[in-house]
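Enquirer:
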Amino acid sequence: MADTTTTTMGKTILITSANGGLGSAIVEQITSNPEYAINHGLYTVRDPTNSPAIALALCHDSTHACDILKLDLNKLDNVREEAHEINTRVAKGEIPPIGVLILKAGFQDFGQQSWTQSGLDIAFASNYLGHWLLTLLLLQSIDKESGRIVVSSRSA
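Residues 2 to 157, numbered by my numbering, are exactly what the sequence shown covers, in order.
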């Protein structure tokens, strides 16, 4: 069995919803561990201006190269734009190939059913369709030999 710790080092780590409880904990673990300093972090949030947990984690270790990206998974045009930007950066060598793609964003509507601008159920678009599209579009940038895709979900 391959050692996943060493095979994913020196790669890009992309996390969706990096400002949530679990997301910010993952970011903090990555940024506080000197062994992960050789990785590039792409941390996505729906609203970068409202992400104090990420800012605190990133301030913890200034040697960790990272970007906070605006990604709203229920807006499929936004998913396409961000995936294109990431693919372009990987192709140009600006960032390393994706070693780990952590899909953990989620939405639950406790009230009345909500719809996206495209007419899709917002929970379906955010929890499934957005992640599926992002993964599909980023396959070309995921490390072919050691790339990992991690999907996290929960139920209420």
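Beta carbons: idealized from backbone N, C-alpha and C, even for Gly.
Quick check on DSSP: helix, strand or coil for Arg1?
Expert: Because the chain in this structure spans residues 2 to 157, residue 1 falls outside the shown range and cannot be described.
Enquirer: From this set, Ser119, Ile123, Ile39, Ile87, which residue's C-alpha is nearest Asp110's C-alpha?
Expert: Taking the sequence shown and counting its residues from 1, one reaches residue 110 at position 109. It is Ile123 whose Cα lies nearest to the Cα of Asp110.
Enquirer: Pick helix, strand or coil for Ala157, following the three-state DSSP scheme.
Expert: For this step, residue 157 is matched to residue 156 along the sequence shown. For Ala157, the predicted structure reports a pLDDT of 47, less than 50, and the residue's modelled location is therefore unreliable. A value from the coordinates is still provided. Three-state DSSP puts Ala157 in coil, outside helix and strand.
Enquirer: Alpha carbon to alpha carbon, how far is Arg47 from Glu146?
Expert: Here residue 47 refers to the residue found at position 46 when the sequence shown is read from its first residue. Here residue 146 refers to the residue found at position 145 when the sequence shown is read from its first residue. Near 30 Å, if we compare the C-alpha coordinates of Glu146 and Arg47.
Enquirer: Can you tell me which of the three DSSP states Asp73 falls into?
Expert: Looking up residue 73 in the sequence shown gives position 72. Reduced to three states, the DSSP call for Asp73 is coil.
Enquirer: Using three-state DSSP, classify His41 as helix, strand or coil.
Expert: By one-based count along the sequence shown, residue 41 stands at place 40. Look at His41 here: in three-state DSSP terms it is strand.
Enquirer: Excluding the 5 residues flanking Met2 on each side, which residues of the same chain have their C-beta closer than 8 Å to its C-beta?
Expert: Residue numbering aside, residue 2 sits at position 1 when the sequence shown is read from its first letter. Note that Met2 has pLDDT 39, beneath the 50 cutoff, so the model's placement of it is unreliable and no number is given.
Enquirer: Going by DSSP, name the residue or residues bridged to Leu102.
Expert: Residue numbering aside, residue 102 sits at position 101 when the sequence shown is read from its first letter. For Leu102, which the question treats as bridged, DSSP gives the partners Leu15, Ile150.
Enquirer: Taking 8 Å as the threshold, find out whether the region 71-90 comes into contact with the region 128-135 through three or more Cβ pairs.
Expert: yes
Enquirer: So what's Gly22 in DSSP terms, helix, strand or just coil?
Expert: Here the question's residue 22 lines up with position 21 in the sequence shown. If DSSP states are grouped into helix, strand and coil, Gly22 belongs with the helices.
Enquirer: Exposed or buried, which one is Gly120 when buried takes at least 16 other CB atoms within 10 Å?
Expert: Here residue 120 refers to the residue found at position 119 of the sequence shown. Gly120 comes out exposed.
Enquirer: By DSSP, does Ile96 sit in helix, in strand, or in coil?
Expert: Mapped onto the sequence shown, residue 96 falls at position 95. Three-state DSSP puts Ile96 in coil, outside helix and strand.
Enquirer: Can you tell me whether DSSP reads Asp122 as helix, strand or coil?
Expert: Indexing the sequence shown from 1 puts residue 122 at position 121. Strand at Asp122.
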